[in-house]
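Chains as they are written, first to last, in the numbering used here: chain A, 12 to 430; chain B, 27 to 165.
Glycine residues also receive a C-beta, built at the ideal position from the N, C-alpha and C atoms.
Just so you know, these numbers come straight off a predicted model, no measurement behind them.
Take a look at the structure below.
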């Protein structure tokens, strides 16, 4: 069958960044007359050929609604979708394939958990624990359900270097905390958080643990069994896969107790007006026709990532991170948020004295450099650092040291124009 | 001068720049001569908040004409605001309501008007039109 014999699925380990780069067509373009230097990967990543080709293949040929019909196209689409579930299971080392649920993204996954878990686990006087550095998608759903159930939202503070105040954890974590939901890596601070330590402590008080892995899944090797959390969620589009895809990995014991979030086709066992029974996991949480084309491509994306030489990637990311940190700190008036440490990924959010982030971003856009400016969907975190907005450069596996150098020189030029 | 004539003047001014950097340098310069909103007027009610930059806008209605003062924490936004004020300040509400801001696109700054909720500039233009509407029914 065409797709299963696709070269990309039996690739030799891709050992060079230059070679990896050739798989990403979007990087070849120019913007505003300059070669694109795409440094907004924390917002969304570019897609390799294997992903876009599968999407095209399915849109033009292998398209039939999954799980439903017995005809050929349905069977082949289903095979690709369920094959992707197996690929993701392998990628994150889930215990079983049924513990891998496809969603439309991290935000949808967290909302699913918030609504479903709170309906059985949260009552008046209970608490949910998040941190000061969370993305709005890991704040607002909890605010909503805490409001509904009369529960308290507790916020673990961070220090000025962006590290969790784990020394204060015992003050925040007691038996009234039923749910703990925290980011693996902050999309602003770029630090790998000590989630294992917190998960262990959370379990001791009987709390359900959720890890927002939107950034974490991209920059670390995930082993959900080793992490020990109840849930690990992430999006496909930051992981070189299409938008509108995502994963919720959950332990069976908890998933089986949870009521469905969305009801509809495919998540049912039998339906009558007197009584409806639900399907087993994972389908219980996959109502309606999913983005099966996107999810199938997510399966290919994770295989692509597994084909990259992990050591080469890790060394490369560290080299870029060290270079950028060194150069940024040498620019007068630059403040970086999220201290440089062994646990920092190549993601830099910073402000520049007397130069507004949006001005810098606009000028650098004209030089072909794509950065993010604004609040990064982390308004409370901005307030904590007493700034209205920041600038962020986030590097992916395909960004080169040359690009990092051009980023720095363009940044200096933009700052000179403004100061 | 009619609004259209001022807009045309602006488009001509910008047409001499071929390089983007020069356009932005010019905007940065223009921003320095923006009729600044009084500090005492920089209140919550005059703040147009976006994620990209903050914009303050104050309007005064005198003898049938609307006068605007403004400020922003982003310099390029200030430059564009100064162009808008050059076009819209000292005009009747009717004149403002019947004109568009196509000159911004013509000088190549369309992306500054991208319709995201983060866009303080776009919100400001809406606010100017809103003031015009409000005062068009007043005597």
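> Using CA coordinates, which residue listed in A:404, A:189, A:333, A:320 is at the minimum distance from residue 232 of chain A?
Replying inline: Translated into the one-based positions of the first chain, residue 232 of chain A becomes position 221. Cα-wise, what sits closest to residue 232 of chain A is A:320.
> What does residue 30 of chain A reach in chain B if we use C-beta pairs closer than 9 Å?
Replying inline: In the first chain, the residue the question calls residue 30 of chain A occupies position 19. In chain order: nothing, as chain B lies at least about 33 Å away.
> Taking Cβ-Cβ distances shorter than 8 Å, what residues in chain A pair up with residue 82 of chain B?
Replying inline: Translated into the one-based positions of the second chain, residue 82 of chain B becomes position 56. Result: empty, since nearest Cβ-Cβ is about 13 Å, beyond 8 Å.
> Going straight from the alpha carbon of residue 72 of chain B to that of residue 150 of chain B, what length do you get?
Replying inline: Translated into the one-based positions of the second chain, residue 72 of chain B becomes position 46. Translated into the one-based positions of the second chain, residue 150 of chain B becomes position 124. Rounded to whole angstroms, residue 72 of chain B to residue 150 of chain B spans 10 Å at the Cα level.
> Can you round the beta-carbon distance between residue 234 of chain A and residue 104 of chain A to whole angstroms, since I take them to be within the 8 Å contact cut?
Replying inline: Taking the first chain and counting its residues from 1, one reaches residue 234 of chain A at position 223. Taking the first chain and counting its residues from 1, one reaches residue 104 of chain A at position 93. That belief holds up - the Cβ atoms of residue 234 of chain A and residue 104 of chain A are roughly 4 Å apart, short of 8 Å.
> Mapping DSSP to helix, strand and coil, what is residue 288 of chain A?
Replying inline: In the first chain, the residue the question calls residue 288 of chain A occupies position 277. Three-state result, residue 288 of chain A: strand.
> How far does the alpha helix (DSSP H) with residue 362 of chain A in it reach, from first residue to last?
Replying inline: Position 351 of the first chain, counted from the first residue, corresponds to residue 362 of chain A. Run containing residue 362 of chain A: none in the alpha helix (DSSP H); it sits in the beta strand (DSSP E), 358 to 363.
> According to the Cβ coordinates, are residue 380 of chain A and residue 50 of chain A closer than 8 Å?
Replying inline: Translated into positions along the first chain, residue 380 of chain A becomes position 369. Translated into positions along the first chain, residue 50 of chain A becomes position 39. In this structure, residue 50 of chain A lies closer than 8 Å to residue 380 of chain A by Cβ.
> What alpha helix (DSSP H) runs, 4 residues minimum, are completely inside the segment 289 to 369 of chain A?
Replying inline: 303 to 317, 321 to 340
> Quick one: what's got a C-beta closer than 7 Å to residue 54 of chain B's C-beta in the same chain, skipping five residues either side?
Replying inline: Position 28 of the second chain, counted from the start, is the residue given in the question as residue 54 of chain B. Correct list, in chain order: 101, 102, 105.
>> Going by the DSSP bridge assignment, what does residue 25 of chain A pair with across the sheet?
In response: Translated into the one-based positions of the first chain, residue 25 of chain A becomes position 14. Residue 25 of chain A pairs with A:319.
> Can you give the Cα-Cα distance for residue 371 of chain A and residue 418 of chain A, rounded to whole angstroms?
Replying inline: Against the first chain, residue 371 of chain A aligns to sequence position 360. Against the first chain, residue 418 of chain A aligns to sequence position 407. So the alpha carbons of these two residues sit roughly 12 Å apart.
> Exposed or buried, which one is residue 341 of chain A when buried takes at least 16 other CB atoms within 10 Å?
Replying inline: Working through the first chain from its first residue, we reach residue 341 of chain A at position 330. Under this definition residue 341 of chain A is an exposed residue.
>> Is there a C-beta anywhere in chain A that falls below 8 Å from the one on residue 150 of chain B?
In response: In the second chain, counting from the first residue as 1, residue 150 of chain B sits at position 124. Output row for residue 150 of chain B: interface = no.
> Under a Cβ-count criterion, where at least 16 other Cβ atoms within 10 Å of its own Cβ denotes burial, should residue 154 of chain B be classed as buried or exposed?
Replying inline: Looking up residue 154 of chain B in the second chain gives position 128. Buried, because 16 or more other Cβ atoms sit within 10 Å of the Cβ of residue 154 of chain B.
>> Measuring CB atoms only, is the segment 26 to 40 of chain A touching the segment 35 to 49 of chain B, in the sense that at least three cross pairs come out at less than 8 Å?
In response: no
>> Could you give the first and the last residue of the continuous alpha helix (DSSP H) run that contains residue 47 of chain B?
In response: Against the second chain, residue 47 of chain B aligns to sequence position 21. Residues 46 to 57.
> Does the beta carbon of residue 367 of chain A sit closer than 8 Å to a beta carbon anywhere in chain B?
Replying inline: Stepping through the first chain from its first residue, residue 367 of chain A is reached at position 356. Residue 367 of chain A counts as touching chain B.
> What are the start and end residues of the alpha helix (DSSP H) that includes residue 75 of chain B?
Replying inline: Translated into positions along the second chain, residue 75 of chain B becomes position 49. No alpha helix (DSSP H) holds residue 75 of chain B; the beta strand (DSSP E) holding it covers 73 to 75.
>> Excluding the 5 residues flanking residue 56 of chain B on each side, which residues of the same chain have their C-beta closer than 7 Å to its C-beta?
In response: Translated into the one-based positions of the second chain, residue 56 of chain B becomes position 30. Answer for residue 56 of chain B: 105, 108, 109, listed in chain order.
>> Could you compute how far the alpha carbon of residue 117 of chain A sits from the alpha carbon of residue 257 of chain A?
In response: Residue mapping note: residue 117 of chain A aligns to position 106 of the first chain, counting from 1. Residue mapping note: residue 257 of chain A aligns to position 246 of the first chain, counting from 1. Roughly 6 Å separates the two Cα atoms.
> Roughly how far, in whole angstroms, is the beta-carbon of residue 1 of chain A from the beta-carbon of residue 387 of chain A, given that I think they are within contact range, below 8 Å?
Replying inline: Outside the displayed range of chain A (12 to 430) lies residue 1 of chain A, so it cannot be described from this structure.
>> Does residue 213 of chain A come out as helix, strand or coil in the three-state DSSP assignment?
In response: Here the question's residue 213 of chain A lines up with position 202 in the first chain. Helix at residue 213 of chain A.
> Would you say the segment 135 to 151 of chain A touches the segment 307 to 324 of chain A, given that touching needs at least three Cβ pairs under 8 Å?
Replying inline: no
> For residue 95 of chain B, which option in B:61, B:133, B:39, B:89 has the closest C-alpha, if you only look at C-alpha atoms?
Replying inline: Residue mapping note: residue 95 of chain B aligns to position 69 of the second chain, counting from 1. Residue 95 of chain B has its Cα closest to that of B:61, out of B:61, B:133, B:39, B:89.
>> If you follow the alpha helix (DSSP H) that residue 189 of chain A is in, where does it begin and where does it stop?
In response: Taking the first residue of the first chain as position 1, residue 189 of chain A is located at position 178. Careful: residue 189 of chain A lies outside any alpha helix (DSSP H), inside the beta strand (DSSP E) at 188 to 194.
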